[in-house]
Every structure is written in C-alpha cells, then in structure tokens.
Amino acid sequence: MKTASLAARILLGAIFLYASYDKILHPEAFSAIIFNYKILPPQMVNLAAIILPWLEAVCGAALVLGVNARGAAALTALLTTVFMAALGFNLMRGIDVQCGCFSAAPAEANTAFDLARDAVIFLLALYVLASQRDKPKKTLY
115 MKTASLAARI LLGAIFLYAS YDKILHPEAF SAIIFNYKIL PPQMVNLAAI
165 ILPWLEAVCG AALVLGVNAR GAAALTALLT TVFMAALGFN LMRGIDVQCG
215 CFSAAPAEAN TAFDLARDAV IFLLALYVLA SQRDKPKKTL Y
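Per the numbering used here, the sequence shown runs over residues 115 to 255.
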C-alpha cells in the first residue's frame, strides 16, 4: 500500500506540474481560454490566468517532493472540483469550451471527455488525500 500511495502522490504531482507548464509560459493565451468559459467577470480573468497555473505548479511540486502532501492533495481535489464545475456548467449551457487543462494552445473542445478525465484526476486526489492521513505533514520522500 505504501508503494501505491507514493506512486499516486507522484503521479498526481506530475499531472499538476505538467498542467501548469504551458499556462505559465503563455498567460495571455490561457487568459483567452478562461474568458471563453464566460463565468468570471472580465476584470478577474487575467488574475485567474496568472494565479491558477502557479497554484497548480506549487501543488504539483509539493506532491512530488512530499512536502505538505496532504494539504496539496486537498487543494488539488478542490481545484479539480472547481474545474469540473466550470466544465459541467458550460456543458449544461450547451457550450463546448476548450478546457485549457494542459495547454494554452488552441485545441478542439471535447468537454465531455475533459469532464471524465477530471473525474479520474479528482478520484486520484482523494486517494492521495486519504493515503496521507497518518503521515507527518512535512517529509521529503
């Protein structure tokens, strides 16, 4: 079980590090993706485009390094819930938005697939959160 927990923690961290990379490099393109969701007020879009990728990167690094892994897992579960809510809201409105989950580059929208993938990531985050229950808050393994 310890090996599965370690592998899940590192996988979740790697997913969030990977997800943050292109968005950190191209905040203007990511800002356009966030704007297309039509959820945030326009004056908050740029701030979200700057903060979200860095939050993903910090959570990913914490998970990979095992530093405050429980808190990072909880935050990734919360972020993934917000992402799924935004996708689901647009799916209910009949708007197929480009997710922007892993890249700020233009891509074909597939909201149903993105929701399913995010659900798997959410379950992974919950597993990591539960498996970190008895571990010390700060470790480097």
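Every residue, glycine too, gets a C-beta built ideally from N, C-alpha and C.
Small disclaimer: the values here were computed from a predicted structure and weren't measured.
Along the chain, where does the alpha helix (DSSP H) containing residue i start, and where does it finish?
| i | result |
| --- | --- |
| Phe227 | 225 to 245 |
Quick check on this structure: which residue in the options has the alpha carbon closest to the alpha carbon of residue i?
| i | options | result |
| --- | --- | --- |
| Glu170 | Ala118, Phe197, Leu243 | Phe197 |
| Asp136 | Ala223, Ser217, Met158 | Ser217 |
| Phe227 | Leu201, Ser245, Leu238, Ala219 | Leu201 |
| Pro141 | Val234, Ala162, Ala221, Asn182 | Ala162 |
| Ser134 | Cys215, Pro220, Arg247 | Cys215 |
| Asn224 | Asp210, Thr194, Met158 | Asp210 |
| Leu237 | Glu222, Asn204, Leu193 | Leu193 |
If contacts are defined as beta-carbon pairs under 8 Å, then residue i and residue j qualify, I think. What distance do you get, rounded to the angstrom?
| i | j | result |
| --- | --- | --- |
| Arg184 | Leu243 | 6 Å |
| Ala143 | Ala219 | 7 Å |
Would you say the beta carbon of residue i comes nearer than 6 Å to a heavy atom of the ligand SAH?
| i | result |
| --- | --- |
| Ala187 | Of ligands this structure carries none, so the ligand SAH is not represented either. |
Runs of beta strand (DSSP E) lying entirely within the stretch 140 to 208, each at least 3 residues, in chain order = none
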